[in-house]
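What follows is one structure encoded as C-alpha cells, with my remarks underneath.
In this note's numbering, the protein residues as written are 18 to 632.
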C-alpha cells in the first residue's frame, strides 16, 4: 500500500512532541474492527496534531478518511459531509453513505472538530451498518456511543481519551485506554495577540467555522489558517473563536461579504447547471446568505441554491423543509423571490417522485415570474423544467415547456438560450419518433451557434442530439462523427461528459460490442451518481444489465437490474422502473423462469398504469 498522506490541515502541524506514546496507544486500539474512540481537548491542545499522526500511522495498513465537522448545519449535513468524504454515490443519502462505508471494509474514519450533539448518534448508525469500520472522533468534547460519555469542556492543553466499547482484553493492564488525561509537554505558541491588527475583512472567516470559498485575504498570517485547499479558506478554530470574541460584525455585513465569494454557486438558485460535484462545505455559507442578506432576491437565490445542492446529494425532503422555512423572510413585493423558492421546491418534489405536486409548484413559480415581468428567469425555468420532465418521460409536458422557453428567448434576443431550448424540443421529438422535425430544429440550433463566438456547452449538447438522431436512423458512422466533434468540449463538464459516455456506450451496443460499451457505462453511472442525477444513473446501470445479458452473464445482469430498480424507486422514476422491469422479464423468460417473467410483466403493467394516471 502506498504511504498515506493526511490532509494538509493535519499534516502541516508540528509533530506531536510529548504525545508519541498516546499516538501508539490510539493506533493499537484502532486496529480492532468496530472500535469507537473519542479524543478530546480544547483548541490549541494539540488534538489535531495527534489526529494527523494517527492518520499517517494507520494509513500504512488500511484506508483512512478524514473530515472536519466544524460549522456543519445539522445531522443531514453531517451525513452529507461523511458521504462526500468517502465518495458515496449520493453523498447525502443515508442508505448510500452506509452502503459505501460498508463496502470500504477495513477503514478508519477520523472526525475532527466533532463536538456536535449528534456525533454519537451518527457514529452509532454508521458503525451499525459498517461493522469493520473504526471511528476516532476528536474535538473539545467528542461524545461517543453510550449514555454517559459526555464530558464537560476540558482546560487548555489537556487531552482526554475515552474508549467505552473496547473489548476488556484491550483494557487489561492498560488504564490509559479507559481514561487518559495528559498535560501537554510542548504548549503551543499564542499567536492570537496579533488579531487586533487583522483587517476587518477576515471577520467573515470567524463567522463561518466551516470555511468560505476562495483563497485567504492578503496579509493574513499563514499560521492562523488551516491549510485545506486552494479553493477554501478556513481559520484555525482557536483563532476563529478569539476573533469572534474580539469583534462582532453584523450578520448582514457578513452576508454581503460572503455573497461576493459565491457568485458562481449562487447561480444554481436561478437554474444554472452544476459544473462540478457540489462541495457540502458551502452549505453553511449559503444558509447565512439566505438568512441574513438584506436583498430578498439574493437571499432567495442562496436558499434555492442550497436546496438544489441538497437535492443533488439525495436530500430532497430536507431541501423542501429549507425552502418552506424561507417563506416568511422579507420580500421586495415583486414575488420574484417566492418564485425562486417555489421553483426549487418543484425540483425537490420531482426528485421525490411527486410529479403532480412538482408541476403545481412550477406553475406557481411561473405565474409569479410573469407578474413580476422577470422574463429571463421565466425562460430558464421553462427550459430547466423541460430537461427534468424529459428525463421522466413526460414528453408532451416537456415539449410545451421547451416551446414556451424558445418563444421567450427569441423575444429577449437570447440566442444561446434559444439554441438550448430548440435542442431540448428536438430531443423530445426524437423520443416521439418525429425524426424529421427533430433534425430541422437541430440544424437550426447549429446554425444559431455557428454565428456565435462563445457557444458554451450548448453546441456539444446539440452534437450529442444529432448523434442520437443518426443512431435512431441506423447511420452509425455519421453518429460517430458527431460524437467525435463533441469530444473536445465535454471533459471539463461532468454531466456533459457523462451523457457523452452514455452515447458512446449506446453506439457500441448498436454495433454489437457490449464489452466495449461497459467501461463507458460504468464511468457514466459514477458521474451521474456523484452529480445527483439519480434517474440518469439508474438508466446507465440498466444498460449495464443489458450489456451483461448480451455477454451471457445473467446473474450479473440481474444484479445490475436490481440496483437500477432500487434507484428508480428512490427517485420515483416510474418510466425507468417500468423499462427495467420489462428488461428483467425478458431475461427471466430467456433463462426458463416463466413464473417470474409473468410476475415482472404484471408489475411493469401496474407501473405503466400509475404513470399514465399521473400524466
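Built from N, CA and C at the ideal position, the CB exists for glycine as well.
query, result
"For residue 152, the three-state DSSP class (helix, strand or coil)", "strand"
"Which listed residue (509, 578, 566, 364) has its alpha carbon closest to that of residue 529", "566"
"Alpha helix (DSSP H) runs wholly inside the region 560 to 632, at least 4 long, in chain order", "571 to 588, 591 to 607, 611 to 631"
"Proximity below 8 Å, CB of residue 415 to CB of residue 434", "no"
"Cα-Cα separation between residue 46 and residue 55, rounded to whole angstroms", "12 Å"
"Spatial neighbours of residue 419 in its chain, beta-carbon cut-off 6 Å, leaving aside the 5 residues before and after", "403, 438, 441, 442"
"Where residue 371 falls: helix, strand or coil (DSSP)", "coil"
"The region 492 to 506 contacting the region 457 to 471, beta-carbon criterion three pairs below 8 Å", "no"
"Inter-residue spacing [alpha-carbon to alpha-carbon] between residue 537 and residue 523", "9 Å"
"C-beta atoms of residue 68 and residue 27 nearer than 8 Å", "yes"
"Rounded straight-line distance, which links the Cα of residue 269 to that of residue 338", "23 Å"
"The region 296 to 309 in contact with the region 317 to 336 per 3-pair CB rule at 8 Å", "yes"
"Sub-8 Å separation of residue 250 and residue 232 beta-carbons", "yes"
"Supposed contact pair residue 397 and residue 491 - C-beta distance, whole angstroms, cut 8 Å", "Rounded, the Cβ-Cβ distance is 36 Å, inconsistent with contact."
"Residue 364 vs residue 406 beta-carbon contact at 8 Å", "no"
"Length-filtered (4 minimum) alpha helix (DSSP H) runs lying within the region 212 to 261", "220 to 224"
"Span of the beta strand (DSSP E) around residue 55", "53 to 58"
"Reference residue 520, options 493, 235, 91, closest by Cα", "493"
"Where residue 82 sits in the DSSP three-state scheme", "strand"
"C-alpha gap between residue 75 and residue 579, whole angstroms", "36 Å"
"Residue nearest to residue 474 in terms of C-alpha spacing, selected from 292, 546, 117", "292"
"The region 37 to 52 contacting the region 99 to 113, beta-carbon criterion three pairs below 8 Å", "no"
"Beta-carbon proximity check, residue 400 vs residue 422, cutoff 8 Å", "yes"
"Range of the contiguous beta strand (DSSP E) that encloses residue 129", "125 to 129"
"Residue from 227, 540, 484 with nearest C-alpha to residue 87", "227"
"Length of the line joining the Cα atoms of residue 185 and residue 127", "Note that residue 185 scores 37 on pLDDT, short of 50, meaning its location in the model is unreliable; the coordinates nonetheless yield the value given after this. C-alpha separation (whole angstroms): 23 Å."
"Whether residue 353 touches residue 590 by CB criterion (8 Å)", "no"
"In chain order, each alpha helix (DSSP H) run of at least 4 residues that lies wholly inside the region 389 to 425", "392 to 408"
"Residue 441 - DSSP class collapsed to helix/strand/coil", "helix"
"Proximity of residue 622 and residue 588 at Cβ, strictly below 8 Å", "no"
"Helix, strand or coil at residue 21 according to DSSP, with G and I counted as helix", "coil"
"Among 81, 153, 73, the one whose alpha carbon lies nearest that of residue 123", "81"
"Neighbour-count burial assignment, residue 89, 16 or more Cβ in a 10 Å radius", "buried"
"Whole-angstrom C-beta distance between residue 229 and residue 241, which should lie under 8 Å", "Contact flag wrong, Cβ pair sits at about 14 Å."
"8 Å Cβ cutoff met for residue 602 and residue 575", "no"
"Neighbour-count burial assignment, residue 388, 16 or more Cβ in a 10 Å radius", "exposed"
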